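For what it's worth, this note's numbering labels the leading residue of the sequence shown as 1090, then goes sequentially.
We put the beta carbon where it would ideally sit given N, CA and C, even for glycine.
Quick caveat, the model's predicted, so the values are computed rather than measured.
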Amino acid sequence: MVFTRRRERLIRMGFWEFFWLMVWGFFFIMYLMVLFQIVVDIFRDSKMNGWFKAIWVLALLVVPVITALIYIIARGKGMNQRQAEAAAGAQQATEDYIRSVATANDPASQIASAKSLLDSGAISQAEFDQLKAKALA
């Protein structure tokens, strides 16, 4: 019986009630995203010691809205810098990985590494010729 009343209420919900539900839902999701960004920034900051991190997290649990506003006002510029540094670090790591993978399949580098193995005596001339043919194929 309770379920049918709820269903009927949802069916009878007018346009403006639905509109305000969507507006408040948007603000709630935006608020959660801000909180998650603050928590990530708290733990990303290497200059802040553990006690201050614990105090900020505890304050976010006790008085979340006021603490979030204070954190954004007091440490907003640093948040932006740490976010940019993390993005630049991720970009650099991605480029390094792509460069390392791309050069490993380069025929010239394969032949050069095979030649250094031949010069050191680790492989024979026949093995070098085989590796060279494989790299050029």
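Spatial distance of residue i from residue j (CA atoms)
i, j, result
"Glu-1106", "Tyr-1120", "21 Å"
"Arg-1133", "Ala-1173", "12 Å"
"Met-1111", "Asp-1185", "44 Å"
"Ala-1215", "Ser-1135", "55 Å"
"Glu-1097", "Gly-1103", "12 Å"
"Ala-1143", "Asn-1169", "21 Å"
"Phe-1141", "Ala-1148", "10 Å"
"Phe-1108", "Arg-1188", "50 Å"
"Ala-1226", "Ser-1209", "25 Å"
"Val-1123", "Ile-1159", "12 Å"
"Phe-1116", "Ala-1182", "35 Å"
"Asn-1138", "Ala-1211", "52 Å"
"Ile-1118", "Pro-1196", "51 Å"
"Ala-1203", "Gln-1180", "32 Å"
"Thr-1241", "Ala-1191", "In this structure the chain extends from 1090 to 1226, so residue 1241 is not present and cannot be described."
"Gly-1178", "Trp-1145", "26 Å"
"Ala-1176", "Arg-1101", "47 Å"
"Pro-1153", "Gly-1114", "18 Å"
Residue from the options with nearest C-alpha to residue i
i, options, result
"Ser-1198", "Phe-1115, Ala-1224 and Arg-1101", "Ala-1224"
"Ala-1222", "Ala-1201, Phe-1125, Leu-1158 and Ile-1159", "Ala-1201"
"Arg-1171", "Gln-1126, Lys-1204 and Pro-1153", "Gln-1126"
"Asn-1194", "Arg-1101, Leu-1207 and Leu-1220", "Leu-1220"
Residue i: CB within 7 Å of a non-hydrogen atom of the ligand ZN
i, result
"Val-1129", "Although the ligand ZN was asked about, the structure shown includes no ligands whatsoever."
Any chain C beta carbon closer than 8 Å to residue i
i, result
"Lys-1221", "Among the chains in the structure shown there is no chain C, since it carries only a single protein chain."
Quiz item: Does the stretch 1152–1165 come within contact of the stretch 1122–1139, defined as at least 3 CB pairs closer than 8 Å?
Solution: With the cut-off at 8 Å, the stretch 1152–1165 and the stretch 1122–1139 touch.
Quiz item: What residue ranges within the stretch 1168–1216 form continuous alpha helix (DSSP H) runs of no fewer than 4 residues, ordered along the chain?
Solution: Here the runs fully enclosed are 1196–1209.
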